[in-house]
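All residue numbers for the sequence shown refer to the numbering used here, where the first residue is 503 and numbers rise by one.
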Amino acid sequence: MKTIIVIGGTKGVGNKIVLSCLNKGYNVVFVGRNDLKANEILEKYNNKKCKYFSIDISNVEACKEVIDYCWETYGRIDGYIHYAGITPIASLTDCTELVYDQVFGINLKSAFFCSQYIIQYMVKCGGGSIVYFGSAHMDCGQQDRAPYAITKSALNTLSTHIAHHYAKYKIRSNYLVMGWTDTEGELELRNSQGMGQDELKDMASKIIPMGRMLNVNDPVPSVMHLLSDESEMITGSIIRITGGEFI
């Protein structure tokens, strides 16, 4: 029975991954900040199969406690999904130190130290699969998403580093690049800019070759495949789920 840790499991794609893992019968420890969504999951599934933590993931000790709990409770960690991240509007020239620290703490520091602790447990149980969620912004990024883009590029380097140096322990790491996605956060941002959902969809149909934005279910099959034993030779890969955007 696989045991999976999901960082960022209460909203959007992360929420769908948690549900898919539970539907497969996996044990799931997930972290998030939306208690309402988390409680819906806990009520639907046997609490012995899943555990929820609401923590500040930029706090290294808090992350370690979650990971230690997973190991002590289930005796193994087979998969680690890092979906959590924030996307504040900030260019290189106007980004404040506070925004920088928040973005790098949540998007990168958390992934680095979670990986550090999880890998040590994966070595003990003979391997595992790691999936980091990236963004098409990693290649350059919009001008007003500078800190976000830089953290996503760094995540790719982290993934490649792990894939190269920990393959001997049967630990795999892959980087999943997300394109423009129809999430609650994206809609809130566009609404604040005076754009409604219909206008957003119309814009996406003109920009994205496949004619629409991604939805939160689109990446889930790829993630589930990467967690499975069928993907045992897939590591160090960048998997782009973008609808053809940025080609």
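In this text, a Cβ means the ideal position worked out from N, Cα and C, and glycines have one as well.
For D580, the CB contacts under 6 Å within the same chain, skipping 5 residues up- and downstream, are K504, T505, G630 in chain order. The way I'd put it, the segment 700-720 doesn't touch the segment 663-674; fewer than three beta-carbon pairs between them come closer than 8 Å. Here the alpha carbon of S739 sits roughly 19 Å from the alpha carbon of M624.
For T662, the secondary structure class from DSSP, reduced to helix, strand or coil, is helix. Taking C-beta separations shorter than 6 Å and ignoring five residues to either side along the sequence, L521 has no partners in its chain. Taking C-beta atoms as the reference points, V515 and P723 fail to come closer than 7 Å. Of V568, K672, K518, D646, the smallest CA-CA separation from M735 is found for K672. The beta strand (DSSP E) runs lying completely inside the segment 574-620 and spanning 3 residues or more are 581-584, given in chain order. Note that the segment 594-607 does not touch the segment 544-552; fewer than 3 beta-carbon pairs, one per stretch, sit closer than 8 Å. Beta-carbon to beta-carbon, S612 and I509 are separated by about 7 Å, close enough to satisfy the 8 Å threshold. Distance from T653 to F614 at the Cβ level is roughly 10 Å; contact not present, criterion being Cβ atoms closer than 8 Å.
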